[in-house]
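Here the sequence shown is numbered in UniProt numbering, starting from 1 and rising by one per residue.
Ideal placement from N, C-alpha and C gives every residue a C-beta, glycine not left out.
Quick caveat: nothing in here was measured; it's all calculated off a predicted structure.
Data first, discussion second: the structure below is written as structure tokens.
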Amino acid sequence: MFRLLNVLFSERFFHAFLTSGDQLSRRELDQGGSTFWENIATAFSEDNVEFDALISPDDPVFEDIRASQTVAHSAAKLHKMWREVSGNFARAEAGSKKSGEHGDDFWEYCGGRADVFYLHQWCNHRGAGREFCSANIYSDDEDDSQKEGTSRAKKGNRKRRNSSQAEVLAALADSVGAIAAANETSEAQEATWKEQALLLHDKRISHRLSMLSDILKRTNSNILELKTHILEHEDDSDEDEFDAESLLAQERGKRQKLRDQILELECEVIANVNAEQVI
Numbered sequence: 001m002f003r004l005l006n007v008l009f010s011e012r013f014f015h016a017f018l019t020s021g022d023q024l025s026r027r028e029l030d031q032g033g034s035t036f037w038e039n040i041a042t043a044f045s046e047d048n049v050e051f052d053a054l055i056s057p058d059d060p061v062f063e064d065i066r067a068s069q070t071v072a073h074s075a076a077k078l079h080k081m082w083r084e085v086s087g088n089f090a091r092a093e094a095g096s097k098k099s100g101e102h103g104d105d106f107w108e109y110c111g112g113r114a115d116v117f118y119l120h121q122w123c124n125h126r127g128a129g130r131e132f133c134s135a136n137i138y139s140d141d142e143d144d145s146q147k148e149g150t151s152r153a154k155k156g157n158r159k160r161r162n163s164s165q166a167e168v169l170a171a172l173a174d175s176v177g178a179i180a181a182a183n184e185t186s187e188a189q190e191a192t193w194k195e196q197a198l199l200l201h202d203k204r205i206s207h208r209l210s211m212l213s214d215i216l217k218r219t220n221s222n223i224l225e226l227k228t229h230i231l232e233h234e235d236d237s238d239e240d241e242f243d244a245e246s247l248l249a250q251e252r253g254k255r256q257k258l259r260d261q262i263l264e265l266e267c268e269v270i271a272n273v274n275a276e277q278v279i
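Next comes the structure, spelled out in structure tokens:
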């Protein structure tokens, strides 16, 4: 579940997730999900360190969580997992709003579910998506046939959900309204829009670079500890309690992937600078 949330809130999928990721028809779900969730399923199984890392690894709630562990799931399965956690998140959010608490005490309303608290952490980290993620309309024990057969209750819930989705779309529109409202057709406005889009993109790249750099630092530290351990035990006659050489090789492979991703992002920044000069 934690890896799924990392994928959904990643730079690659977050915008599409808010605008269309959870707006599937019943027919699409019966056929295994939309293209969006097929893409999520593919990314979920990728060997990608960005999806492996927790955004708040030092929080004791996530002490035993390993987002790097992957199991292949279908698009429909992943969407079902999302509906489950979003339903629990909706209840926690309602309890939090009722009490007036929105800070660290949110854990008290999560029913002991670390995945719900992690979704809360992602919404805080992104500064967006809370209304969308809490707009759940189905109870946990409803199956698809029950959902199709529900009448008035379903219509009322759907109206509330549509209202929440409309609020999300309105918020997205407001974020660009100040730029687009002045003169949508003028060349000057188009240039301003492109400039703002590049600035926003650079900000997101900066966040990813910072996150990957932090992971790289921890990986380098792990490599140093493993090398020290191997040197200290190279003369021991007893077999080591764990395969330090194998772990060292894995960490070195991980370090190289991190370096490659950081280099790719740095090249993207350079390309953006060139694009800004053209504008």
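(message) Please tell me whether residue 285 and S68 are closer than 8 Å, where the distance is taken between their beta carbons.
(response) Residue 285 lies beyond the stretch modelled for the chain, which goes from 1 to 279, so this question has no answer here.
(message) Mapping the DSSP letters down to three states, classify G95 as helix, strand or coil.
(response) The residue you call residue 95 lines up with position 95 of the sequence shown. Secondary structure at G95: helix, using DSSP grouped into helix, strand and coil.
(request) Go ahead and label L18 buried or exposed: buried means 16 or more other beta carbons lie within 10 angstroms of its beta carbon, across all protein chains shown. (result) Here residue 18 refers to the residue found at position 18 of the sequence shown. Buried is the call here.
(message) Going by DSSP in three states, Q69 sits in which element: helix, strand or coil?
(response) Taking the first residue of the sequence shown as position 1, residue 69 is located at position 69. The answer is coil: DSSP assigns Q69 none of H, G, I, E or B.
(request) Confirm, please, whether the CB-CB distance from C133 to C123 is below 8 Å. (result) Taking the first residue of the sequence shown as 1, we reach residue 123 at position 123. Taking the first residue of the sequence shown as 1, we reach residue 133 at position 133. For C123 and C133, yes; Cβs fall inside 8 Å.
(message) Looking at the secondary structure, which residues open and close the alpha helix (DSSP H) in which Y118 lies?
(response) The residue you call residue 118 lines up with position 118 of the sequence shown. First-last of the alpha helix (DSSP H) with Y118: 114-126.
(request) State yes or no: is the C-beta of L248 within less than 8 Å of the C-beta of L226? (result) In the sequence shown, counting from the first residue as 1, residue 248 sits at position 248. In the sequence shown, counting from the first residue as 1, residue 226 sits at position 226. At the C-beta level, L248 and L226 come within 8 Å of one another.
(message) Closest to R91 by C-alpha separation, out of E131, L231, L54, V71, would be which residue?
(response) As a working note, residue 91 is residue 91 in the sequence shown. Among E131, L231, L54, V71, the Cα nearest to that of R91 belongs to E131.
(request) Determine the DSSP secondary structure at H15, reduced to helix, strand or coil. (result) Counted from its first residue, the sequence shown places residue 15 at position 15. The answer is helix: DSSP assigns H15 an H, G or I state.
(message) Please state the DSSP three-state secondary structure of P57.
(response) Counted from its first residue, the sequence shown places residue 57 at position 57. In this structure, P57 counts as coil in the three-state DSSP scheme.
(message) So, under 8 Å CB-CB, I223 and R255 are touching, yes? Tell me the CB distance rounded to an integer number of Å.
(response) Position 223 of the sequence shown, counted from the start, is the residue given in the question as residue 223. Position 255 of the sequence shown, counted from the start, is the residue given in the question as residue 255. Sure, about 7 Å apart at Cβ, within 8 Å.
(message) Taking the alpha helix (DSSP H) that A43 belongs to, which residues open and close that run?
(response) What you label residue 43 is simply residue 43 of the sequence shown in a count that begins at 1. Annotation: the continuous alpha helix (DSSP H) that includes A43 extends over 35-44.
(request) Ignore the nearest five residues each way along the sequence and tell me which others in M1's own chain have a CB closer than 7 Å to its CB. (result) Within the sequence shown, the letter at position 1 stands for residue 1. Closer than 7 Å at Cβ, skipping near neighbours: M81, V85, D115.
(request) Report the residue from L78, R66, S56, I215 whose alpha carbon sits nearest the alpha carbon of F36. (result) Position 36 of the sequence shown holds residue 36. Checked all of L78, R66, S56, I215; the closest Cα to F36 is L78.
(message) Quick check: the Cα distance between N39 and T228, rounded to an integer number of angstroms?
(response) Counting from one through the sequence shown, the residue named residue 39 turns up at place 39. Counting from one through the sequence shown, the residue named residue 228 turns up at place 228. Approximately 41 Å between the Cα atoms of the pair.
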